[in-house]
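K.L.:
Structure provided below as structure tokens; questions to follow.
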Amino acid sequence: MELQTQLKTIADKINQLKNKIDTEESTKHAFVLPFINALGYDAFNPTEVVPEFTADLGLKKGEKVDYAIFQNGTPILIVECKNWKEELDNHNSQLFRYFHVTKTRFALLTNGIQYRFYTDLEHSNKMDEKPFLEFDITKLKDNEIVEISKFHKSKFDVNKIVTTASTLKYTKEIKKCISEELNSASTEFTRLFANRVYDGRLTEKVMLEFTELVHKAFNQTISDKVNDRLNAALNKESEKQQLDAIDVELEESKIETTEEELEGFRIVVAILRRKLPINRIVHRDTQSYFGILLDDNNRKPLCRLHLNGGTKYIGLFDENKNETRELINSIDDIYQFEEQLLKTSDYYKNK
């Protein structure tokens, strides 16, 4: 995915350069403009990216936002930038004012590392106080990259983004509430469950007791859910391994090692024992061929005997483990390839 690669490049650049950048202007050029370019907009084309875009506020003229991104002559995103060292929490009010006097549905507040995208879900043409999309570009998750891609020039669709924005914003807020309740159950949250399971009067003492019970129950429930998922995954993997083992057994059950193959093996051993201990030379029969290996290792083939067809072959290996089949009339012909077999054993010895 090209966008993912570009965002990763920006993240790497930030980690390398941020300690050498001291000003807001440097932050814009080093971090923010590459992000705008990654979205498919040409930062050097004034019809697409307008720096110092004028956003007059009533009688207050000459107010400027750092960048405005245009599409078909209409601003689609205004961008307010801060120094990478600055926290963003104290700067959305300025963007809030700019948003009101432009035609855009989206605003971005960033310090080049933290990015916060806003829209007007709650009141038309009035920027929401909370962003619908927020991320750290140096710690991007896959789902965040998907949302960022919707702002790409090739995919930009106002209606689709606004529809998604609603889901993103409220899902994020709900997750935040759940997290807070898991850390410390509120009175309202505790009362909700206490009323369902306790018939008596909810005195202060009872509520105190249920606060601990609700906290414990919720954390145990999440732990149980995680364990269930892990166990299900492990069971699935175990089932797969069992099926693989059955397949191997079925394949092995179809293999019949002939006396001719074993006699061929003994001839190969007689040749190679001059250079290799006998216990290191092992045979492994398959449906396709009778393999002779060093150390019972598939990566160390010494030769293969193809004896079950109408025509017999011995498979010899070069130093790159490429097999060449040589025709033989009987297993006694294996002695003709003594030199090649000894040479193959030398490949492994040299390594």
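Residue numbers (my numbering): 33 to 383.
All C-beta atoms in this analysis are idealised placements derived from N, C-alpha and C, irrespective of residue type, glycine included.
Since the structure is predicted, the reported quantities are computational estimates derived from the model, not experimental observations.
(1) Do you know how far the Cα of Leu-308 is from the Cα of Glu-355?
(2) What residues in its chain sit with their C-beta under 6 Å from that of Phe-183, if we drop five residues either side in the sequence?
(3) What residue range does the beta strand (DSSP E) around Tyr-150 cover?
(4) Look up Glu-333 in the DSSP assignment and give the residues it is bridged to.
(5) Could you give the residue range of the alpha helix (DSSP H) that holds Arg-233?
(6) Can you list the beta strand (DSSP E) stretches of 3 or more residues lying completely in the segment 178–266, in chain order?
(7) Which of the three DSSP states, helix, strand or coil, is assigned to Glu-16?
(8) What do you get for Pro-78, buried or exposed, if any count of 16 or more other CB atoms within 10 angstroms of its CB means buried?
(9) Just checking my contact of Asn-143 with Leu-120 at CB under 8 Å: how many whole Å lie between their CB atoms?
(10) Can you tell which of Ser-198, Tyr-379, Gly-342 has its C-alpha closest to the C-alpha of Ser-362?
(11) Would you mind stating whether Ile-287 and Ile-366 have Cβ atoms separated by less than 9 Å?
(12) What is the DSSP secondary structure of Thr-55, reduced to helix, strand or coil?
(13) Could you give the DSSP three-state label for Lys-158: helix, strand or coil?
(14) Are Phe-85 and Leu-39 touching if we call contact CB-CB under 9 Å?
(15) Alpha helix (DSSP H) containing Tyr-130: first to last residue?
(16) Compute the Euclidean distance between the alpha carbons of Arg-306 and Asp-276, then round it to the nearest angstrom.
(17) Leaving out the 5 sequence neighbours to the left and right, which residues in its chain are closer than 6 Å to Asp-65 when beta-carbon positions are compared?
(18) Suppose the cutoff is 6 Å on Cβ atoms and the five residues either side in sequence are ignored; what does the same chain contact list for Asp-317 look like?
(19) Using C-beta distances below 7 Å, list every residue in its chain close to Leu-91, excluding the 5 sequence neighbours before and after it, in chain order.
(20) Which whole-angstrom value describes the C-beta separation of Val-300 and Cys-335, a residue pair presumed to lie in contact below a C-beta threshold of 8 Å?
(21) Can you tell me whether DSSP reads Thr-41 as helix, strand or coil?
(22) Mind checking which residues open and close the beta strand (DSSP E) that includes Val-81?
(23) So the beta strand (DSSP E) Phe-102 belongs to, where does it begin and stop?
(24) When you compare each of Val-133, Lys-248, Asp-168, Tyr-147 to Ser-156 by their alpha carbons, which one comes out closest?
(25) At a cut of 8 Å, does the segment 212–219 reach the segment 174–191 through at least three beta carbon pairs?
(26) Output the distance between the C-alpha atoms of Lys-50 and Phe-131, rounded to the nearest integer angstrom.
(27) In three-state DSSP terms, what is Arg-306?
(28) Would you call the segment 53–64 and the segment 198–211 in contact, with 3 or more CB pairs under 8 Å?
(29) Alpha carbon to alpha carbon, what distance is there between Asn-227 and Glu-95?
(30) Using a 10 Å radius around the Cβ and a threshold of 16 neighbouring Cβ atoms, would you call Val-97 buried or exposed?
(31) Roughly how many angstroms separate the alpha carbons of Ser-181 and Val-190, rounded to a whole number?
(32) Assuming contact is defined by CB atoms lying nearer than 9 Å, are Leu-140 and Leu-172 in contact in what I supplied?
(33) With Phe-349 as the anchor, note down where its beta strand (DSSP E) starts and where it stops.
P.N.:
Inspection of the coordinates gives the following:
(1) When rounded, the separation of the alpha-carbon atoms in Glu-355 and Leu-308 is 21 Å.
(2) Cβ neighbours of Phe-183 within its own chain (closer than 6 Å, five residues either side excluded): Leu-71.
(3) That run of the beta strand (DSSP E) goes 146–150.
(4) For the sequence presented, residue 333 should be read as Pro rather than Glu. For Pro-333, the beta-bridge partners assigned by DSSP are Leu-325.
(5) First-last for Arg-233: undefined, no H or E at that position.
(6) Correct list: empty.
(7) Only positions 33 to 383 of the chain appear in the structure, and residue 16 is not among them; the question remains open.
(8) By the neighbour-count rule (16 or more Cβ atoms within 10 Å), Pro-78 is not buried but exposed.
(9) In this structure Asn-143 is in contact with Leu-120, their Cβ atoms being roughly 6 Å apart against a cut-off of 8 Å.
(10) Taking only the C-alpha atoms, the option nearest Ser-362 is Gly-342.
(11) Contact flag unset, no.
(12) DSSP places Thr-55 outside both helix and strand once states are collapsed to three, so it counts as coil.
(13) Reduced to three states, the DSSP call for Lys-158 is strand.
(14) In this structure, Leu-39 does not lie closer than 9 Å to Phe-85 by Cβ.
(15) Counting along the chain, the unbroken alpha helix (DSSP H) around Tyr-130 starts and ends at 124–133.
(16) If you take the alpha carbons of Arg-306 and Asp-276, they lie about 39 Å apart.
(17) One point to set straight first is that residue 65 is Leu, not Asp, in the sequence displayed. Cβ neighbours of Leu-65 beyond the five flanking positions: Ala-75.
(18) Taken in chain order, the residues that qualify are Ile-287, Thr-289.
(19) Here Leu-91 scores only 47 on pLDDT, less than 50, and its place in the model should not be relied on; the value that follows carries that caveat. Only residues of its own chain outside the window of five on either side were considered, and among them none has a CB closer than 7 Å to the CB of Leu-91.
(20) Indeed, because the Cβ distance is near 6 Å, the residues count as touching under 8 Å.
(21) Shown here, Thr-41 sits in a helix according to DSSP, grouped into three states.
(22) Per DSSP, Val-81 belongs to the beta strand (DSSP E) from 81–86.
(23) Its beta strand (DSSP E) spans residues 96–103.
(24) Of the listed residues, the one whose Cα sits closest to Ser-156 is Val-133.
(25) In short, these stretches do not touch, since the Cβ pair count stays below three.
(26) Put simply, the backbone Cα of Lys-50 is about 29 Å away from that of Phe-131.
(27) Residue state, collapsed to three classes: coil.
(28) Counting Cβ pairs under 8 Å, fewer than three are found: no touch.
(29) Cα to Cα, the separation comes out at about 55 Å.
(30) By the 10 Å Cβ count, Val-97 comes out buried.
(31) If I take the Cα positions, the gap works out to 13 Å.
(32) Cβ atoms of Leu-140 and Leu-172: not closer than 9 Å.
(33) Where Phe-349 is concerned, the enclosing beta strand (DSSP E) stretches over 344–349.
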